[in-house]
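Just below is one structure, and these are the notes that go with it.
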Amino acid sequence: MMIGDLAQRTGLSVDTLRYYEKIGLVPAPLRDSGGRRVYDEAILGWLRFLDRLKATGLGMRDRLRYADLRTRPGVASVRERREMLERHRDKVAADLEKLADTLKLLDEKVDLYRRIESGEVADPVVPLAEAAAVPSPVGARGRAAS
127 MMIGDLAQRT GLSVDTLRYY EKIGLVPAPL RDSGGRRVYD EAILGWLRFL
177 DRLKATGLGM RDRLRYADLR TRPGVASVRE RREMLERHRD KVAADLEKLA
227 DTLKLLDEKV DLYRRIESGE VADPVVPLAE AAAVPSPVGA RGRAAS
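Next up, the structure:
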């Protein structure tokens, strides 16, 4: 497939595909008699994998390292790629735990605000503000105090 077809199928721009080739993230494709890039269907799977790695937060340097290792045959390369993915997987799992905790906190706050809006519970902030007799943040000239 030609580079335009690949761009359309992956959602990447032609410039991005050329850049990925230039930096070694994707292997150089074959060229036709006119010098145009001709990609094999297998590149689609590799680009989908790279997109998923990017989506998980794996940096460009690590994606380049992984791409380089992928070109090297042997158990050492396989082991290093596996270890790289395991380390990144551990980071993603830790990030997911933090996000799950944050989601739980947000759900609790949303539920509290719904209960306040329905009159089921009182807004806990109002009595605190009234008890503290907080002065207005607007200054004498009508501007917000700093």
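Here this note's numbering is used: the first residue of the sequence shown is 127, the next is one more, and so on.
Yeah, the Cβ is synthetic: ideal placement off N, Cα and C, and Gly gets one too.
This one's a predicted model, so the numbers in the text were calculated from it and none came from an experiment.
query: Rank Leu138, Val152, Ala248 and Arg241 by C-alpha distance to the C-alpha of Leu195 and give the top, closest one.; result: Val152
query: Around the Cβ of Leu231, are there at least 16 other Cβ atoms within 10 angstroms (buried) or fewer (exposed)?; result: exposed
query: Taking all protein chains shown into account, decide if Leu173 is buried (16 or more other Cβ within 10 angstroms of its Cβ) or exposed.; result: buried
query: Out of Gly245, Arg198, Leu184 and Gly160, state which residue places its alpha-carbon closest to the alpha-carbon of Met210.; result: Leu184
query: Would you tell me roughly how many angstroms separate the C-alpha atoms of Lys180 and Met128, rounded to the nearest one?; result: 24 Å
query: What residue range is occupied by the uninterrupted alpha helix (DSSP H) comprising Arg213?; result: Val201 to Ser244
query: Please confirm whether Val140 and Gly150 have their CB atoms less than 8 Å apart.; result: no
query: Please confirm if the region 184-193 is in contact with the region 209-224, defined as three or more CB-CB distances below 8 Å between the two stretches.; result: yes
query: How long is the line joining the alpha carbons of Asp188 and Ala219, rounded to whole angstroms?; result: 18 Å
query: Would you report the Cα separation of Arg135 and Tyr145, rounded to the nearest angstrom?; result: 17 Å
query: Looking only at its chain, what residues have a beta carbon closer than 8 Å to the beta carbon of Arg207, apart from the 5 residues adjacent to it on each side?; result: Tyr192, Leu195 and Arg196
query: Would Leu132 and Ile169 qualify as a contact pair, given that the criterion is a beta-carbon distance under 8 Å?; result: yes
query: Mark Leu156 as exposed unless 16 or more other C-beta atoms lie within 10 angstroms of its C-beta, in which case mark it buried.; result: exposed
query: So Asp166 is in the alpha helix (DSSP H); what residue range does that whole segment cover?; result: Here Asp166 belongs to no alpha helix (DSSP H), and DSSP marks it neither H nor E.
query: With DSSP collapsed to three states, give me the class of Glu198.; result: Position check: residue 198 holds Arg in this sequence, whereas Glu was assumed. Reduced to three states, the DSSP call for Arg198 is coil.
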